[in-house]
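A.B. asks:
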Amino acid sequence: MKKNYIIITISLIFTAVLALSSCRSLPEIPTDLTQAQLIQKGQNAFSAGDYKLAEHYYQTSIQRYGNNTENYIESKYELGHLYIKTKDYDKAQEAFEEILELYEYAAIGDLPASYKKLAEIGMSKIPAKKEAQK
C-alpha cells in the first residue's frame, strides 16, 4: 500500500511539473523596442526553437507597428514562415493569403516586391488538404 502511495505521489508531482513548465508565461516585451528589433528577437527565438516566443514577438510587432503596411507585411510573413515550420498550415495559409491580398490592391511599387514573392513561395510549401490529411 505504501509503495502505491509513493508511486501515485511521484506521478502527481511529475505531472504538476510538466503542466507548470508547459504553461510558462511569455516575457513582457519592452515598449521601446523598434519594429526591426522585435523582428530580430523573433528570428532569434525562432532559430533557438522557441516558436511560442517567436510568435509573441511577431504578434507584438503587428500590434505596435502594424499601422505601417510594410511593417505589417514583414511581421505577417514571419508568422507565416513560423506556421510552416510548426506545421500549422491553416494559419500559414491565412497569413500568406492576407499578404498576397494586400499586394492585389496596392499600386505597383507601393510595397516591397520581395514579400509578395516570399508569400508565393510560402504558399507553395503548404501541402494540399488531401495530402495533409493522410
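Note that the working numbering has the sequence shown beginning at 10, numbered continuously upward. Ideal Cβ positions, reconstructed from N, Cα and C, are used throughout, including at glycine.
1. Rounded to whole angstroms, what is the Cα-Cα separation between N53 and L91?
2. On a Cα-Cα basis, can you pick out the residue from T95, S34, Y112 and N76 that is closest to Y60?
3. Under a Cβ-count criterion, where at least 16 other Cβ atoms within 10 Å of its own Cβ denotes burial, should I117 be classed as buried or exposed?
4. Are the CB atoms of T69 and L47 nearer to each other than 8 Å?
5. Find out if the Cβ-Cβ distance for the pair Y112, Y86 is shorter than 8 Å.
6. Classify G51 as helix, strand or coil using the three-state DSSP reduction.
C.D. replies: Taking the definition as stated:
1. As a working note, residue 53 is residue 44 in the sequence shown. As a working note, residue 91 is residue 82 in the sequence shown. Taking the straight line from one Cα to the other gives about 12 Å.
2. Residue 60 sits at position 51 when you count from the first residue of the sequence shown. Considering only alpha carbons, the answer is T95.
3. Position 108 of the sequence shown, counted from the first residue, corresponds to residue 117. Exposed, because fewer than 16 other Cβ atoms sit within 10 Å of the Cβ of I117.
4. Within the sequence shown, residue 69 is the residue found at index 60, counting from 1. Within the sequence shown, residue 47 is the residue found at index 38, counting from 1. A contact, by the Cβ cut-off of 8 Å.
5. Start at 1 with the first residue of the sequence shown, and residue 112 comes out as number 103. Start at 1 with the first residue of the sequence shown, and residue 86 comes out as number 77. Contact: no.
6. In the sequence shown, residue 51 corresponds to position 42, counting from 1. G51: helix per DSSP, three-state reduction.
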